[in-house]
Every structure is written in C-alpha cells, then in structure tokens.
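Taking the numbering used here, the leading residue of the sequence shown gets 200, the next gets one more, and so forth. Every residue gets a Cβ at the ideal spot worked out from N, C-alpha and C, and that includes glycine. Report on the following structure.
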Amino acid sequence: MDTVTREARRAPDARVRWFGLWDSYFVICYLVTTGLVFTSAVPQTGRLIAIGALTLAVPWYAGIGRPLMLRHDRDRRNAVFAGGLFGLFGLATAVDLTSAFALFALVPMLMMSLDTRPAVVAGVLGNLVPVTMLWLQGGATAPLMLFVLLASLLGIALSVLLGLWIKRVVRQNREHAELIEELRRNREQVARLSHQAGISAERERLAREIHDTLAQSLTSIISLVQAADAEVEGAPAVARKHLALVGRMAKESLAEARSFVADRTPASLRESSLAQALRRQADGLAAQTGLLARFTVDGDERPLPMAVNVVLLRAAQEAGTNVRKHADARAVDLVLRYGEGHVGLQVTDDGKGFDAAEAERGAAQGGPDGPGGGDEDGGFGLRGMAARLAEIGGAMSVLSEPGAGTVVEVTVPLDEAAGRPEEPSAPRPEVAERRTEAAHEGR
Numbered sequence: 200m201d202t203v204t205r206e207a208r209r210a211p212d213a214r215v216r217w218f219g220l221w222d223s224y225f226v227i228c229y230l231v232t233t234g235l236v237f238t239s240a241v242p243q244t245g246r247l248i249a250i251g252a253l254t255l256a257v258p259w260y261a262g263i264g265r266p267l268m269l270r271h272d273r274d275r276r277n278a279v280f281a282g283g284l285f286g287l288f289g290l291a292t293a294v295d296l297t298s299a300f301a302l303f304a305l306v307p308m309l310m311m312s313l314d315t316r317p318a319v320v321a322g323v324l325g326n327l328v329p330v331t332m333l334w335l336q337g338g339a340t341a342p343l344m345l346f347v348l349l350a351s352l353l354g355i356a357l358s359v360l361l362g363l364w365i366k367r368v369v370r371q372n373r374e375h376a377e378l379i380e381e382l383r384r385n386r387e388q389v390a391r392l393s394h395q396a397g398i399s400a401e402r403e404r405l406a407r408e409i410h411d412t413l414a415q416s417l418t419s420i421i422s423l424v425q426a427a428d429a430e431v432e433g434a435p436a437v438a439r440k441h442l443a444l445v446g447r448m449a450k451e452s453l454a455e456a457r458s459f460v461a462d463r464t465p466a467s468l469r470e471s472s473l474a475q476a477l478r479r480q481a482d483g484l485a486a487q488t489g490l491l492a493r494f495t496v497d498g499d500e501r502p503l504p505m506a507v508n509v510v511l512l513r514a515a516q517e518a519g520t521n522v523r524k525h526a527d528a529r530a531v532d533l534v535l536r537y538g539e540g541h542v543g544l545q546v547t548d549d550g551k552g553f554d555a556a557e558a559e560r561g562a563a564q565g566g567p568d569g570p571g572g573g574d575e576d577g578g579f580g581l582r583g584m585a586a587r588l589a590e591i592g593g594a595m596s597v598l599s600e601p602g603a604g605t606v607v608e609v610t611v612p613l614d615e616a617a618g619r620p621e622e623p624s625a626p627r628p629e630v631a632e633r634r635t636e637a638a639h640e641g642r
C-alpha cells in the first residue's frame with residue numbers, strides 16, 4: 200500500500216484522535232471550574248446551581264456539540280448548540296462568578312462550532328458576562344471592577360486570537376485531507392493510465408514480433424507450397440526440395456513463436472552470433488526465391504548487446520521480406536558493418552525500386568508504407584523497423600528511386616545501447632556449423 204493511500208485513510212482517524220486531546224482538555228477545564236465553585240464563598244444553593252449548570256454542559260457537548268464539530272459543514276444545529284452552551288454558562292456565572300473559569304473551554308467550543316465572525320462575537324460576549332454580572336449585583340469596589348474589566352479585556356483578546364488559531368488549524372487540516380484525497384485519486388488515475396499504456400505497448404510488441412517472424416514465415420511457406428504444387432508432376436525432385444524448405448521454415452517459425460511469447464532471445468541468436476544468423480538469413484532468402492543473395496562483414500566482428508542483435512536481425516528479415524514481395528530483384532547484398540562506436544546493416548537490391556519520399560509521406564499520414572513497407576500485412580514494415588530502432592537509439596534510412604533499386608541502411612550507436620540488458624551469446628561452433636550446412640543443402 201503506498202504512502203498516499205495510507206495518509207488518505209489515516210486523515211479521518213487523525214481528526215478523531217485530535218478531538219480526543221480536546222476532550223481531555225474539556226474534562227480538565229470542567230473539573231477545575233467545578234472544584235473552584237465548590238470551594239467558593241457563595242451560599243450552598245448557588246454553588247449547587249452553578250455546578251449543576253456546568254455539569255449539564257457535559258452531556259450537551261458530548262451528545263450534540265462533538266458530532267457537529269467533527270463535521271465540515273454548518274447548519275442551524277450549530278447555532279442551537281452554541282446558544283444552549285452560552286445559556287448554561289450564563290446561568291452558572293450569574294449565581295457564582297467563579298464559574299467564569301469555564302471560559303477556557305467555552306470559547307474554543309464556540310470557535311469550533313460556529314463560523315468565524317459569529318464565533319468571535321460570541322467569545323467577546325462571553326468574556327463580558329463576568330463584568331456584567333458583577334456590575335448588576337452591585338456592592339463591588341472600584342478596584343475589583345477594574346480588575347475584572349481588565350481580565351475580561353485580556354480574555355477577549357486571548358479568545359479572539361485562540362479562536363482564529365483554532366479556525367486556521369481546522370481549515371489547514373481539512374485542506375490537507377482534501378489534498379491527500381486528491382493525490383490518491385491522481386495516483387489511481389496514473390496507475391490506470393500506466394496499465395493501459397503497458398497493455399498497448401505489449402500489443403505493439405507482439406504485433407511487430409508476429410509480423411517479423413510468423414507472418415513472414417507463413418508468407419514464405421505459402422509461396423513454397425505453391426511452387427512445390429506446380430512442380431510435383433514435372434519435377435518431383437524440385438518439389439521435394441521446396442517441401443523440405445517448408446518443413447525447415449515451419450520448425451524455425453515454431454521456435455521463434457515460443458521465444459517471443461516467452462519474451463526470450465530469438466532462437467536464431469541463442470546458439471550463434473549475429474553474423475552467422477544473418478548469413479543463414481541470406482542463404483534462406485536465396486533458397487526460397489532463387490535470388491543471388493550475398494552476405495559480408497565489414498570491420499572486426501565483436502560481441503554486441505542482445506538488444507542490438509535482435510533489432511539488426513529483425514531489420515534484415517524485414518528487408519528480405521520486402522525484397523521478396525516487392526522488388527522483383529535479381530540480387531541482394533547484406534553488409535554488416537562494425538564501426539567505431541556504432542554498428543550498421545545495409546541491404547541493397549537491384550530491383551524496380553519505388554518513390555521513397557512518397558512512401559515516407561504516406562507513412563507519416565498513417566497510411567501504408569508503400570512498396571518498401573509491407574502494406575499488405577497492415578503497414579508494420581518500415582514503420583515497425585523504425586520503431587524497433589528508436590527503442591535503442593538507432594536510425595534508419597531508405598534510398599530508392601523507381602527503376603534504380605533500393606538501399607536500406609540501419610545504424611545503432613553502441614554507446615547508447617551499451618547500458619541495455621545484455622545476454623552474451625556463447626555460440627556453439629558445432630551447432631552453428633550444422634545449421635550453416637543445412638542452409639547450403641537447402642539451396
């Protein structure tokens with residue numbers, strides 16, 4: 200449970216605990232005042248009336264005043280409570296001036312139960328009650344009247360200051376509780392939006408994985424099955440070769456599906472290096488289409504972060520799919536370049552090409568990528584490749600003109616990708632060699 204939620208749930212409890220302290224203060228004031236009244240020089244009847252009035256104030260506060268003070272709003276019941284409390288205090292003070300000590304509890308209760316202006320007026324009137332009662336009773340000496348008057352004026356000043364302070368504390372507590380509640384709602388909204396964004400991102404990831412693996416493999420399998428069907432009577436050996444490729448691609452597709460569902464390293468990179476995986480990609484493209492597919496490595500080969508390996512492999516798969524589906528090319532070259540602080544992949548074909556600027560404008564408007572982008576399968580082609588590269592700080596460029604072939608180049612800066620999770624591949628030479636031999640036998 201987060202801190203904001205705990206604070207939001209504790210805010211009402213804190214207010215109740217704060218009133219527990221106030222209850223204790225009220226009880227102390229009641230006991231002190233009744234004790235002073237009990238020992239005063241007033242006749243016994245007057246003392247009993249004063250103590251009775253003060254005692255009646257206790258259930259009046261507990262049954263009516265306290266629930267009203269715990270609420271934020273004000274209504275007519277607050278005025279009724281304040282009037283009853285003031286009447287009991289006036290009665291007790293009228294029969295025994297010692298009851299004026301109850302002002303220490305009366306004024307805070309008036310401040311908490313009434314709005315600021317009426318509470319201040321009631322507090323001032325309460326402090327004038329002892330002076331008024333002493334003047335009405337007569338017989339008081341001038342020094343005593345002056346002392347009581349000065350005490351009343353001091354009480355008025357303290358009452359106003361105390362009341363304003365109590366009002367401010369109550370208001371701040373209420374604002375604090377409202378702020379905590381607002382923060383809790385905002386946290387819940389942020390958590391909900393983050394959850395939805397995570398779902399959308401995962402759907403996008405799965406869509407790209409399906410497009411780059413299963414969809415492309417199924418397209419190749421369909422083409423090979425159609426080719427085998429056309430050759431089954433006239434050239435059975437060629438048909439069997441196509442069917443063998445179908446079986447191999449189906450197995451590889453199954454391994455890829457299991458890998459991305461489990462969010463693991465692609466099967467083609469788990470037991471070999473990036474260069475070996477790209478070489479098999481070129482060999483497979485040649486075997487499926489009859490193209491002259493060449494793969495070369497430029498620079499000193501070195502281990503790369505697994506995130507970079509995956510993106511470059513997917514880029515090669517997407518570029519190969521575009522060549523097979525759209526280019527009508529005779530040859531394609533894949534070059535893996537290791538540079539200083541970066542690594543890149545260039546795929547060049549001698550096909551019919553396309554208008555790259557027009558395709559880029561169409562992609563920016565949300566349309567299909569065009570001849571280079573895999574528009575037949577939902578437009579995930581070049582846009583999906585660019586999205587993968589953006590995730591690791593890479594960039595992509597596409598150079599093409601009608602009749603002049605196409606060059607797709609991707610570049611990944613290694614300093615930006617170095618901090619990403621890496622799963623160093625430890626290729627087993629015997630496995631990689633067997634897979635390379637199988638690719639050549641397929642051709």
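query, result
"Report the residue ranges of all alpha helix (DSSP H) runs contained in full by the segment 241-273; include only those spanning at least 4 residues, in chain order.", "243-259 and 265-269"
"Within 10 Å of its beta-carbon, does S452 have 16 or more other beta-carbons around it, so buried, or fewer, so exposed?", "buried"
"Are there 16 or more other CB atoms within 10 angstroms of the CB of Q336, so buried, or fewer, so exposed?", "exposed"
"By the three-class DSSP mapping on this structure, what secondary structure does A530 have?", "strand"
"Quick check on DSSP: helix, strand or coil for S471?", "coil"
"Measuring CA to CA, which of A426, L313, Y229 and R587 is closest to A281?", "L313"
"Quick one, are the C-beta atoms of R529 and L491 less than 8 angstroms apart?", "yes"
"Leaving aside the five residues before and after V546 along the sequence, list all residues of the same chain whose C-beta is less than 7 angstroms from its C-beta, in chain order.", "A515, A518, V531, L533 and V607"
"Based on DSSP bridge pairs, tell me the residues matched to L511.", "Its beta-bridge partners do not exist; DSSP assigns none."
"Using only CA atoms, which one of A318, Q487 and L360 lies nearest to R447?", "Q487"
"Would you call the segment 267-279 and the segment 235-249 in contact, with 3 or more CB pairs under 8 angstroms?", "no"
"Between which two residues does the beta strand (DSSP E) holding G543 run?", "H541 to D548"
"Could you give the residue range of the beta strand (DSSP E) that holds R493?", "L491 to D497"
"Could you tell me whether the Cβ atoms of V507 and G550 are closer together than 8 angstroms?", "no"
"Under the rule that 16 or more other beta-carbon atoms within 10 Å means buried, what is S223, buried or exposed?", "exposed"
"I'd like the list of long-range same chain contacts for L588, defined as Cβ closer than 8 angstroms, with 5 residues on each side in sequence excluded.", "V510, A514, A594, M595, V609 and V611"
"Rank A449, L413, D497 and A481 by C-alpha distance to the C-alpha of D548 and give the top, closest one.", "A481"
"Would you decide whether Q388 is buried or exposed? Buried here means 16 or more other CB atoms lie within 10 Å of its CB.", "exposed"
"Using the Cα positions of L255 and H375, report the straight-line distance between them to the nearest angstrom.", "35 angstroms"
"Kindly indicate which three-state DSSP category P567 falls into: helix, strand or coil?", "For P567, the pLDDT reaches just 47, beneath the cut-off of 50, and the residue's location in the model is therefore unreliable, although a value from the coordinates is still provided. In the structure shown, P567 sits in coil (DSSP, three-state: anything other than H, G, I, E or B)."
"Applying the 10 Å Cβ sphere with the 16-neighbour rule, what's the burial state of G483?", "buried"
"Can you have a look at A434 and say buried or exposed, based on whether 16 or more other CB atoms are within 10 angstroms of its CB?", "exposed"
"Just mark A299 as buried or exposed, buried being the case when its beta carbon has 16 or more other beta carbons within 10 Å.", "buried"
"Report all residues from its chain with a CB closer than 7 angstroms to the CB of L302; omit the five preceding and five following residues, and keep chain order.", "G325, N326 and G354"
"Assign V597 to one of three DSSP states: helix, strand, or coil.", "strand"
"Which two residues bound the contiguous beta strand (DSSP E) that contains V522?", "Where V522 is concerned, there is no enclosing beta strand (DSSP E), given that its DSSP letter is neither H nor E."
"From L333, S239, W364 and V431, pick the residue whose C-alpha is nearest to that of M308; which is it?", "W364"
"If L357 sits next to L333, beta carbons under 8 angstroms apart, how far is it from one beta carbon to the other, in whole angstroms?", "That belief does not hold up - the Cβ atoms of L357 and L333 are roughly 19 angstroms apart, past 8 angstroms."
"Candidates D274, V231 and Q243: which alpha carbon is nearest A304's?", "V231"
"Determine the burial state of T238: buried for a count of at least 16 other Cβ atoms within 10 Å of its Cβ, exposed for fewer.", "exposed"
"Taking only three categories from DSSP, how would you classify G322?", "helix"
"Please look up how many angstroms separate the CB atoms of V445 and L423, rounded, as I've assumed it's under 8 angstroms.", "5 angstroms"
"With respect to the alpha helix (DSSP H) encompassing T292, which residues constitute its N-terminal and C-terminal limits?", "R275 to V294"
"By the DSSP assignment, the alpha helix (DSSP H) with P307 in it spans what residues?", "L302 to S312"
"In whole angstroms, what separates the C-alpha of G262 from that of R276?", "12 angstroms"
"With a threshold of 6 angstroms on Cβ separation, who are the neighbours of F288 within its own chain once the five nearest residues in sequence on each side are excluded?", "A301 and L305"
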